[in-house]
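Start counting the sequence shown at 198; every next residue gets the next number (our numbering).
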Amino acid sequence: MLVKDNQAALHRGEELPLMEAFYSLQGEGAYRGSAAYFIRLGGCDVGCHWCDVKESWPAEAHPLVPVEEIAEEALRHSKIIIITGGEPLMWNLSPLTLLLRNGGARIHLETSGAHPLSGDWDWVCLSPKKRKLPTESVLHSADELKMVVYNHHDFLFAEAMAERVSPDCMLFLQPEWSKRELMMGEIVAYVMAHPQWRVSLQMHKYLDIR
Ligand code: SF4
C-alpha cells in the first residue's frame, strides 16, 4: 500500500505513480509516426482481458515520483508528450500538465475515459472500454476516438461511442493485436462501407519498437 503522506501528494497530483517514461514514435491513431515522449502512469481499474500492459494495473507497484521530476525529464526530449497508462485519469493530472504547458510542450492524453477529465490538453485520444464506460467530460473533450476491435460486437460498440463524441472528433478502428489477422479484413470492409472511420494499426509493434 502507498504510505499516508504519499497518498495526500498523489491526491493533489503532486506525485504520480510512474511505470515508465521513454522517447519513441507514436504508433497509433492520428499522430502515428510522430516522435513523442511517453509518460506511462501506473494504475488501472478497468481490467480489459486483452490488455497488453497488465503490469500497469496495481498503482502501488510503481514509484510515486514528484511531477517536477517527470516534467523536467520529459521536456528535455520532445515537444509532443503523451501521457498514457494504465488509466492516467485515475489521478489528478492538472499539476503535471501545467508544468508541461509552461515548458512549451504539446500535451496529449491517451485514456479509456473511465474517470473524469483533469489536466490541460492539446489532444485527447479516447479509447472506450465496455467494462467501464467513458465519463461525459472525456467524451466531450475527445479529439480522436480509437475503438479497439476484438470481435464483431465491437463495431456496434464503436458506433454507439461515435454518437456521443463531438462531430469533428476523428474516428479510428484498430484491431486488437492478437486478433489482427482474424479481424483486419472485416475492419477494412467496414471502413470502406462507413468512410467516416479510418483504420489505425499499432505501427510500433510492426516496427518492433516500444
Ligand atoms: Fe489495459 Fe487500457 Fe484496458 Fe486499463 S483500460 S486494462 S490499461 S487496455
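C-beta: ideal position from N, C-alpha, C; glycine also.
Skipping 5 residues on each side, what residues in its chain have a beta carbon closer than 7 angstroms to that of residue i?
i      : result
Ile406 : Ser221 and Leu222
Ser231 : Leu222, Gln223 and Ile277
Lys376 : Tyr347
Ala268 : Leu293, Leu296, Leu297 and Gly300
Leu408 : Because residue 408 is not part of the residues shown, which for the chain are 198 to 407, the question remains open.
Trp374 : Asp249, Gln399 and Lys402
Gly382 : none
Met358 : Pro325, Leu342 and Met344
Mind checking whether residue i and residue j have CB atoms under 8 angstroms apart?
i      : j      : result
Cys241 : Gly300 : no
Leu306 : Ile280 : yes
Ala227 : Gly239 : no
Glu341 : Thr308 : no
Leu370 : Tyr387 : yes
Ala311 : Val243 : yes
Ser315 : His337 : no
His259 : Met216 : yes
Measuring from the CB of residue i, is there a heavy atom of the ligand SF4 at a distance below 7 angstroms?
i      : result
Cys248 : yes
Glu225 : no
Ser284 : One point to set straight first is that residue 284 is Glu, not Ser, in the sequence displayed. Yes, Cβ of Glu284 sits closer than 7 angstroms to a heavy atom of the ligand SF4.
Ala366 : With the sequence shown as reference, residue 366 is identified as Cys, and Ala is not the correct amino acid for it. No; taking the cut-off as 7 angstroms, the Cβ of Cys366 has no heavy atom of the ligand SF4 nearer than that.
Ser291 : no
Lys326 : yes
Ser309 : yes
Ser375 : no
Val321 : no
Val243 : yes
Ser275 : no
Ser253 : yes
Going by beta carbon distance, what residues of the same chain come within less than 6 angstroms of residue i, once the five residues before and after it are set aside?
i      : result
Ala218 : Ile236
His350 : none
Ile304 : Ile278, Thr294, Leu297, Trp318 and Asp319
Arg395 : Phe369
Please go through the same chain and pick out, in chain order, the residues whose beta-carbon is closer than 8 angstroms to the beta-carbon of residue i, but skip the five residues on each side of it.
i      : result
Pro313 : Leu286, Thr332, Ser334 and Val335
Ala302 : Ala271, Leu272, Ser275, Lys276, Ile277 and Ile278
Val264 : Gly210, Glu211, Glu212, Leu213, Pro292, Leu293 and Leu296
Phe354 : Pro325, Lys327 and Met344
Ser397 : Glu225, Gly226, Arg229, Lys343, Phe369, Leu370 and Gln371
Trp288 : Leu207, Gly210, Leu213, Pro214, Leu238, Gly240 and Ser315
Along the chain, where does the alpha helix (DSSP H) that runs through residue i open and close?
i      : result
Leu336 : Glu333 to Ser338
Glu252 : That residue, Glu252, is in no alpha helix (DSSP H); it is neither H nor E in DSSP.
Can you tell me where the beta strand (DSSP E) with residue i in it begins and where it stops?
i      : result
Arg407 : No beta strand (DSSP E) holds Arg407; DSSP gives it neither H nor E.
Glu217 : Glu212 to Leu222
Ala233 : Ala232 to Leu238
Notebook entry, point to check: Which full runs of the beta strand (DSSP E) of 3+ residues lie inside the stretch 331 to 405, going along the chain?
Noted result: Listed in chain order, the complete beta strand (DSSP E) runs (minimum 3 residues) inside the stretch 331 to 405 are 341 to 346, 367 to 372 and 394 to 396.
Next item on the list: For the stretch 260 to 320, list the alpha helix (DSSP H) runs that are entirely contained and at least 4 residues long, ordered along the chain.
Entry: If only uninterrupted alpha helix (DSSP H) runs of at least 4 residues are considered, those enclosed by the stretch 260 to 320 are 264 to 274 and 291 to 299.
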